[in-house]
Amino acid sequence: KGFIHSDLKPSNILAFTPQHGTCLPTLKIANFGLAKQQGAKDTRSRFRGTKYYMSPESIVGKVSGALDIWSLGCIVRQVVKGRITQHPGRHVEARKEFLVGMLYYRSKQKVEC
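Using the working numbering, read the sequence shown as starting at 394 and increasing by one per residue.
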């Protein structure tokens, strides 16, 4: 609790055999090499983690727990759709275009209640 993993991806989620009385496996998160305590000053590069699972916030250098939620969403999408989310990679300008394009796309969507 209180840590940001910063590199959630399928290979960092371990599934263990279901225990007695349940049909679901136990999931555990592994590889805390890039983890940091929430609120702690970070001197490392803001571009860290695996590109396909990095959040838009990481593009502008804001590292928070939202980064892990984004990564989890990418993992769920990959499981459901069977493919990895497209991502611009590590080039700074491409990442900014990705973020701006995403915000523009969202503003064009109509929400009906």
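C-beta atoms are modelled at their ideal positions from N, C-alpha and C, and glycine is treated no differently. None of these values were measured; they are calculated from a predicted model.
How long is the line joining the alpha carbons of His413 and Leu420, rounded to whole angstroms?
-> Answer to the nearest angstrom: the Cα atoms are 15 Å apart.
For Ile406, collect the residues of the same chain with a Cβ closer than 8 Å to its Cβ; drop the 5 residues on either side in sequence, then sort them by chain order.
-> These residues qualify, in order along the chain: Leu420, Lys421, Ile422, Ala423, Ile468.
Could you tell me if Lys455 is buried or exposed, where buried requires 16 or more neighbouring beta carbons within 10 angstroms of its beta carbon?
-> With fewer than 16 other Cβ atoms within 10 Å, it is exposed.
Option nearest Ile397 by Cα separation, candidates Tyr445, Pro411, Trp463, Arg476 | Trp463
Where the beta strand (DSSP E) through Lys402 begins and ends = No beta strand (DSSP E) contains Lys402, which DSSP labels as neither H nor E.
CA-CA distance, Ser457 and Lys429?
-> 10 Å
Enclosing beta strand (DSSP E) for Lys421 [first to last residue] = 419 to 422
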